[in-house]
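Take a look at the structure set out below.
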Amino acid sequence: MTLLSGIFGYPIRHSISPAMHNAAFASLDIDAVYSAWETTPDDLAAGVASLRSEDYLGANVTVPHKQAVMVHLDEIDDLATRIGAVNTIVNRDGRLMGSNTDALGFINSLRSEAGVTVAGLEVVLIGAGGAARAAAYALAEGRASALAIANRTVERAESLASELAETGILANAFGLHDPDFLSACERADLIVNSTSVGMLHGPAEGDSPVPAEVISPGCVVYDMVYNPPKTPFLLDAERAGAQVIGGLPMLVYQGAAAWSRWTGREAPVDVMFEAAKEALGL
Ligand code: NAP
0 MTLLSGIFGY
10 PIRHSISPAM
20 HNAAFASLDI
30 DAVYSAWETT
40 PDDLAAGVAS
50 LRSEDYLGAN
60 VTVPHKQAVM
70 VHLDEIDDLA
80 TRIGAVNTIV
90 NRDGRLMGSN
100 TDALGFINSL
110 RSEAGVTVAG
120 LEVVLIGAGG
130 AARAAAYALA
140 EGRASALAIA
150 NRTVERAESL
160 ASELAETGIL
170 ANAFGLHDPD
180 FLSACERADL
190 IVNSTSVGML
200 HGPAEGDSPV
210 PAEVISPGCV
220 VYDMVYNPPK
230 TPFLLDAERA
240 GAQVIGGLPM
250 LVYQGAAAWS
260 RWTGREAPVD
270 VMFEAAKEAL
280 GL
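For the sequence shown, numbering that gives the first Met the number 0 gives the first residue as 0, with consecutive numbering after it.
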């Protein structure tokens, strides 16, 4: 029996996840396929229900379904519950288990690409959507010492900062143009963009979320956007002498964590990297 898996999203046609996961199955001779399932909000419940059948390993979930999918699952782990979003579903004998591998993808990519562990770091996090929430909880769990969260809609940053209080991390919220936020950038050990600013074909393609002058040479600058591989933010950071990390490693490591949950095997990360780069034409 060929085992099935895939990703629910809308739109999803241009996803590179099928290339990455199918290369991983092929490299370990696993008889399984991963497909991109273009799924409207109206079709989500039926799509998720079909995962209970024995030929399904599980699925990934992406925009716009990461929150909406939660009511259709049997169990959701603690981290995904706190983040408020599920990106991975495992079919365990007909029961659907939800988790979130974006947090792990973020932490593993920081470690593997830049040798960075977050304990004790002063971090600036830009954004307050699903990806930012995953990073924020990963940073809190990793014992970062302080977190400045800035978002276009400042109320969302405030609500995330107050939710994080229970983790013990010192978190403050700002608007993107707040002078205190710009000073926090100058002091930061790590600045993370988790907005879609700079994304190819996005509404703010060609823009950076912070002015170039606030990036210090000793800083690590991380952009979750993976296309283009060097966003305007990363180009500014390179010019400032900072160490830079793009979004592709996070994409690969969150995928690798999901793949391992479905198969019970260690994911071939190098194979997944190569397939993802090829799919992006890099
Ligand atoms: P989301 O939940 O829709 O959040 C979008 C975020 O971007 C919000 O903070 C939003 O601010 C902000 N934003 C959007 N347009 C903006 C603009 N023109 N100016 C300033 N801020 C703007 O999306 P998400 O799932 O968190 O994803 C965010 C980004 O991370 C996307 O580019 C996505 O591709 C990337 N991502 C990458 C990975 C990876 O593995 N590399 C994983 C997940 C996500 P408001 O709250 O004010 O709307």
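In this text, a Cβ means the ideal position worked out from N, Cα and C, and glycines have one as well.
Computed from a prediction, not measured in an experiment: that's the story for all the values here.
From this set, Asp73, Thr39, Val68 and Asp77, which residue's C-alpha is nearest Asn86's C-alpha? Val68
Could you check which residue in Leu250, Cys218, Ala266 and Asn192 has the C-alpha nearest to that of Pro231? Cα-wise, what sits closest to Pro231 is Asn192.
Could you name the residues, in chain order, whose CB is less than 6 Å away from a heavy atom belonging to the ligand NAP? Here the list is Val62, Asp101, Gly104, Gly126, Ala127, Gly128, Gly129, Ala130, Ala131, Asn150, Arg151, Thr152, Arg155, Ser193, Thr194, Ser195, Val196, Met198, Pro202, Ala203, Met223, Val224, Tyr225, Gly246, Met249, Leu250 and Gln253.
When the Cα atoms are used, what is the spatial distance from Ser207 to Leu163? 26 Å
Could you have a look at Glu140 and say whether DSSP puts it in helix, strand or coil? Helix at Glu140.
Might you give, ordered along the chain, the residues of its own chain that have their beta carbon closer than 8 Å to the beta carbon of Phe180, omitting 5 neighbours on each side? Cβ within range, chain order: Val123, Ala147, Ala149, Phe173 and Gly174.
Please identify the residue among Tyr9, Leu2, Ser26 and Ile6 whose C-alpha is closest to the C-alpha of Val270. Ser26
Looking at the structure shown, is Met198 part of a helix, part of a strand, or coil, going by DSSP? Three-state DSSP puts Met198 in coil, outside helix and strand.
Do Gly119 and Ser98 have their C-beta atoms within less than 8 Å of each other? no
Which residue's Cα is closest to the Cα of Ala241: Ala255, Met249, Asp222 and Tyr252? Asp222
Spatially closest choice to Met0 from Leu43, Leu56 and Trp36, by CA coordinates: Leu56
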